[in-house]
Amino acid sequence: WEYRGCVSNGAPSEVFPLQWPTAADGTIPKNAAIGVGVEPVAELAAKESAKLGSKETFARRVAMDLFRYMESFQAATAVSADHMVVPMNVLDRWFTKFQDKFRRDPDFLTRAAEKD
Numbered sequence: 001w002e003y004r005g006c007v008s009n010g011a012p013s014e015v016f017p018l019q020w021p022t023a024a025d026g027t028i029p030k031n032a033a034i035g036v037g038v039e040p041v042a043e044l045a046a047k048e049s050a051k052l053g054s055k056e057t058f059a060r061r062v063a064m065d066l067f068r069y070m071e072s073f074q075a076a077t078a079v080s081a082d083h084m085v086v087p088m089n090v091l092d093r094w095f096t097k098f099q100d101k102f103r104r105d106p107d108f109l110t111r112a113a114e115k116d
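Residue 111 in UniProt numbering is what sits at position 111 of the sequence shown, and the numbering runs on without skipping anything.
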């Protein structure tokens, strides 16, 4: 199971986004299992703080994915160690590649080994 969030007396209603993986052929799974747990508020506070930290880690991994993609062009155009020269459409190309990877495996960044 993957923790998505919590409801409580202070927040009795929430929307929890789910990420549905898409297969290479474009199909989406037709079944899902949803679990509900009852836990002490203190445990939920710890889970919520870990969730916030995981969002920061996720953002860092997205940025590192972009940086590594841009860095891959550097070998062909080595100018200096302080400057990076990339094609003008590098962001469009990276984002297209990123979207494709994300559609195939929405969790590819959360499983990535942290190298930074």
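Every residue, glycine too, gets a C-beta built ideally from N, C-alpha and C.
Pop quiz: Ala32 and Arg104 are said to be a contact at Cβ under 8 Å. What is the actual Cβ separation, rounded to whole angstroms? Between Arg104 and Ala32 the Cβ distance is about 18 Å, and since that is not below 8 Å, they are no contact.
Endpoints, the alpha helix (DSSP H) within which Phe16 is located: Taken as a continuous stretch (DSSP letters only), Phe16 belongs to no alpha helix (DSSP H), as it is neither H nor E.
Quick check on the DSSP output: the alpha helix (DSSP H) that includes Thr27 runs from which residue to which? From DSSP, Thr27 is part of no alpha helix (DSSP H); its letter is neither H nor E.
Span separating the alpha-carbon of Val41 from that of Thr96: 41 Å
Give me, in chain order, the residues of the same chain whose beta-carbon lies closer than 8 Å to that of Asp116; leave out the 5 immediate sequence neighbours on both sides. Bear in mind that a pLDDT of 41 at Asp116, under 50, signals an unreliable position, so the number given afterwards is only what the model happens to contain. Excluding sequence neighbours, Asp116 sits near Arg60 and Met64.
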